[in-house]
Amino acid sequence: MPVRSLNSSVLKWPDLLTVRHALQRWVKEAVRLHPDTLLIGYFGSYARGDWGVGSDLDLIIVVESSGLPFEQRSAEWDTMSLPVPTDVLVYTLSEWADLDPRRRFARMLRNETIWLHRGDVLAALAREALADFRAGRTEPLDPDNL
Numbered sequence: 002m003p004v005r006s007l008n009s010s011v012l013k014w015p016d017l018l019t020v021r022h023a024l025q026r027w028v029k030e031a032v033r034l035h036p037d038t039l040l041i042g043y044f045g046s047y048a049r050g051d052w053g054v055g056s057d058l059d060l061i062i063v064v065e066s067s068g069l070p071f072e073q074r075s076a077e078w079d080t081m082s083l084p085v086p087t088d089v090l091v092y093t094l095s096e097w098a099d100l101d102p103r104r105r106f107a108r109m110l111r112n113e114t115i116w117l118h119r120g121d122v123l124a125a126l127a128r129e130a131l132a133d134f135r136a137g138r139t140e141p142l143d144p145d146n147l
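When you read off a place in the sequence shown, starting at 1, and then add 1, the result is the number in the numbering used here.
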């Protein structure tokens with residue numbers, strides 16, 4: 002987190018390299034703790050390169066599945082080891098594939114995200130397609146939306 006100099010009221014904000022190194026370490030640990038993690042990336046000011054003092058880190062995580070509602074999923078991801086405040090969005094693979102590419106937020110996520118972890122998304126898609134087939138659902142996921 003930002004630190005205040007002992008004899009100054011000025012905050013010292015972590016630089017980009019410090020944030021990226023901490024994030025890379027965090028991703029390794031997060032994948033170990035959450036083996037169903039398919040994708041982890043960051044977007045927003047740190048991805049665009051226009052971050053500054055006070056900027057938070059915006060993370061996107063795609064997991065194979067989750068029994069929790071979208072709003073509660075980020076609580077399972079401890080980001081306290083990261084040097085800046087962090088917002089976490091956790092999508093299931095189905096939700097990620099279903100994001101409407103015509104919506105501005107979805108386009109921004111797809112165009113701006115810098116991916117740090119890419120798990121076996123194709124195997125997860127195959128498992129989901131097989132489950133859909135067995136359940137009699139005929140609309141497969143569109144791999145072009147990933």
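Note that CB positions come from ideal geometry on N, CA and C, so glycine has one too.
In this text, all values refer to a predicted model and were calculated from it rather than measured experimentally.
| Check | Outcome |
| --- | --- |
| Thr87 and Phe44 closer than 7 Å at C-beta | no |
| Under the three-state DSSP convention, the category Trp27 falls into | helix |
| Buried or exposed (CB count within 10 angstroms, at least 16 for buried), Pro70 | exposed |
| Short Cβ contact (7 Å threshold) for Thr38 with Val64 | yes |
| Minimum length 4: unbroken alpha helix (DSSP H) runs contained in the stretch 48-88 | 71-74 |
| Other residues of its chain near Leu83: CB distance less than 7 Å, five sequence neighbours each side excluded | Ala23, Leu24, Trp27 and Leu58 |
| Close beta carbons around Leu100, own chain, < 6 Å, minus the five adjacent residues each side | Ala107 |
| Cα-Cα separation, Glu96 to Ser66 | 9 Å |
| One or two residues paired with Arg119 in a DSSP bridge | Leu40 |
| According to DSSP, residues forming a beta bridge with Thr93 | Val64 |
| Identity of the residue in Gly53, Gln73, Arg21 and Asp51 nearest Trp116 by Cα | Arg21 |
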